[in-house]
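Engineer: Protein chains in written order, with numbering that gives the first Met the number 0: chain A, 0 to 140; chain B, 0 to 140; chain C, 0 to 140. C-beta atoms are modelled at their ideal positions from N, C-alpha and C, and glycine is treated no differently. Bear in mind that the values here come from a model prediction, so they are computed numbers and not experimental data. This is the structure, below, for whatever I ask next.
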Amino acid sequence: MRYNAYGILQVASSREAQMIDVTADVSAFVRNSGISDGICHLFVPHTTAAVTINENADPDVVADMLMGLENIVRPGLPYRHAEGNSPAHIKSSLIGVSGSIFVNDGGLVLGTWQGIYFCEFDGPRRRSLSVKIVRTEHERA
Amino acid sequence: MRYNAYGILQVASSREAQMIDVTADVSAFVRNSGISDGICHLFVPHTTAAVTINENADPDVVADMLMGLENIVRPGLPYRHAEGNSPAHIKSSLIGVSGSIFVNDGGLVLGTWQGIYFCEFDGPRRRSLSVKIVRTEHERA
Amino acid sequence: MRYNAYGILQVASSREAQMIDVTADVSAFVRNSGISDGICHLFVPHTTAAVTINENADPDVVADMLMGLENIVRPGLPYRHAEGNSPAHIKSSLIGVSGSIFVNDGGLVLGTWQGIYFCEFDGPRRRSLSVKIVRTEHERA
């Protein structure tokens, strides 16, 4: 065990609303940690961004998700927050800023079609995604 | 400690949208693990399903939740994903695929009215729900 | 280590829908635990409340979030649940009853603008927020 199981990944968004696939980065972090079994916790230290897990096979899915969210969280309501980004704050809490994924046999355990997405709702910006792995020790039957 | 604290529960849905009460299964898994104190992590390895905790006393609540979600995530938008199940993907990320429940004294700690629900949004299908328990050791005062 | 890393915070709401900043209480719990490194898990043992992390600088943000949620989860649908609080149940599952925050150097690691909010959707009531810290041990490089 040579690596600390805590790190911060840098994510750069290029549009106002964007879902950025960070699966490879998180997966590399887990592999490099040397931890074979545990929970990989993700945390977004921002209030107009989020993290989620969804399909990474067809890019139309994330485009549809962003379009659907725009339809759900209406931009035209009488929001009071002067920055004008209240819908982005609401989307952040609907999707959530924390999540956790199992680590088995030294790697992330994701479903066949799953990828990890950093969700930008008020970009473009430079953002952070914090990662921390809690190691578990299993009894073998 | 005779059991491994990682397992996969099988869940079968019988309708397109359905909330299936898995409290008894998760609870039995925790009891059988022999772990007295920790965190029980749940993870759904699918992109059109989710896991949540809500009322399990009146079955009308989950019926209302599914109806309410159908109203929130509109089926008729100009989605591009060819499979036609974009609303199910959006519901999955709104509800979320990961969750955690405390384990105290060898059992799940749920509120009086709470149950754990596997949420099917694109069924009927056979699904999996992954469970992993992180053991904690408390200092006693 | 003199304190047990599990506790229950009491939260009193004074309105039907309210976001109550509990950052100071959770932060004090973490400091008092004496745990320097780990994950702080939050759990709401109720079915019409939730917990989230969002901006705590401008109070207009939480007012806008409650107004936006009211617009998203329509009160006037043909809900069947006799208590009449189905929208509150839906909001609870959309925002979520569990969350986790990193603990580094003996304190919570929150972004510059982030605070922890207990979300009341069916108040006023007396509520609980459960907190449990899982200690992690890092290897130092």
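1. Classify A48(A) as buried or exposed, calling it buried when 16 or more other Cβ atoms lie within 10 Å of its own Cβ.
2. Mind checking the region 21 to 32 of chain C against chain B and listing, in chain order, the residues whose C-beta falls within less than 8 Å of any C-beta there?
3. I think V60(B) touches S85(C), with their Cβ atoms under 8 Å apart; what is that distance to the nearest whole Å?
4. By the 10 Å Cβ neighbour count, where 16 or more other Cβ atoms means buried, how is S91(A) classified, buried or exposed?
5. Give the residues of chain A in contact with G106(C), contact being defined as C-beta atoms less than 9 Å apart.
6. With F120(C) and V50(C) assumed to form a contact (beta carbons below 8 Å), what rounded beta-carbon distance in angstroms separates them?
7. Pop quiz: V133(C) and V133(B) are said to be a contact at Cβ under 8 Å. What is the actual Cβ separation, rounded to whole angstroms?
8. Decide yes or no for the touch test of the region 102 to 116 of chain B against the region 33 to 49 of chain C: beta carbon pairs closer than 8 Å, at least 3 of them.
9. Does the distance from the C-beta atom of M64(B) to that of I89(C) stay below 8 Å?
10. Classify S13(A) as buried or exposed, calling it buried when 16 or more other Cβ atoms lie within 10 Å of its own Cβ.
11. Using DSSP's beta-bridge definition, name the partner residues of K131(C).
12. Within the continuous beta strand (DSSP E) that includes F117(C), where are the two ends?
13. Compute the distance between the beta-carbons of I100(C) and L93(C), then report whether it is under 8 Å.
14. N53(C) by DSSP, collapsed to three states: which one?
15. Rounding to the nearest angstrom, what Cα-Cα distance links V96(C) and G33(A) in this structure?
16. Less than 8 Å between CB atoms is the rule here; does S91(C) satisfy it with respect to chain A?
17. Does DSSP classify M0(C) as helix, strand or coil?
18. Report yes if the C-beta distance between V10(B) and V25(B) is below 8 Å; otherwise report no.
19. Interface residues of chain C around F101(B) at Cβ under 8 Å?
20. Name the two residues that bound the continuous alpha helix (DSSP H) containing S91(A).
21. May I ask which residues mark the beginning and end of the beta strand (DSSP E) holding D20(A)?
22. Classify E138(B): buried if its beta carbon has 16 or more other beta carbons within 10 angstroms, exposed otherwise.
23. Determine the DSSP secondary structure at S99(C), reduced to helix, strand or coil.
24. Checking the sheet assignment: what are the DSSP bridge partners for S107(A)?
25. Could you name the residues that DSSP lists as bridge partners for A23(B)?
26. Please classify R73(B): does DSSP put it in a helix, a strand, or coil?
27. Roughly how many angstroms separate the alpha carbons of Y2(A) and C39(A), rounded to a whole number?
28. Kindly say whether E119(A), judged by its beta-carbon, lies nearer than 8 Å to any beta-carbon of chain B.
29. Strictly below 8 Å CB to CB, what residues from chain A border T46(B)?
30. Does the beta carbon of L65(C) come closer than 8 Å to any beta carbon on chain B?
31. Could you check the C-alpha separation between E54(A) and R126(A) for me, to the nearest Å?
32. Looking at chain C, is there any beta carbon in it that lies within less than 8 Å of the beta carbon of V10(A)?
33. Would you mind working out which of P74(C), P58(C) and E82(C) sits nearest R79(A), comparing C-alpha positions?
34. If you draw a straight line from the alpha carbon of Y5(B) to that of A56(B), how long is it in whole angstroms?
Structural biologist: Inspection of the coordinates gives the following:
1. buried
2. none
3. 7 Å
4. buried
5. Those within 9 Å of G106(C) in chain A number zero; the least Cβ separation is about 14 Å.
6. About 12 Å; that fails the 8 Å criterion.
7. 6 Å
8. yes
9. yes
10. exposed
11. Y5(C) and H40(C)
12. Q113 to E119
13. no
14. strand
15. 32 Å
16. no
17. Bear in mind that a pLDDT of 36 at M0(C), under 50, signals an unreliable position, so the model cannot answer this.
18. no
19. Y5, H40, F42, S129 and K131
20. S85 to I94
21. Q17 to D20
22. Residue placement at E138(B) is poorly supported in this model, since its pLDDT is 46, which falls under 50; the coordinates are not used for a value here.
23. strand
24. Position check: residue 107(A) holds Leu in this sequence, whereas Ser was assumed. According to DSSP, L107(A) bridges with V102(A).
25. Per DSSP, none; premise fails for A23(B).
26. coil
27. Any reading at Y2(A) must be qualified, since the residue scores a pLDDT of 39, below 50, and its modelled position is unreliable; no value is offered.
28. no
29. I52, N53, E54, V60, G110, W112 and Q113
30. no
31. 22 Å
32. no
33. P58(C)
34. 29 Å
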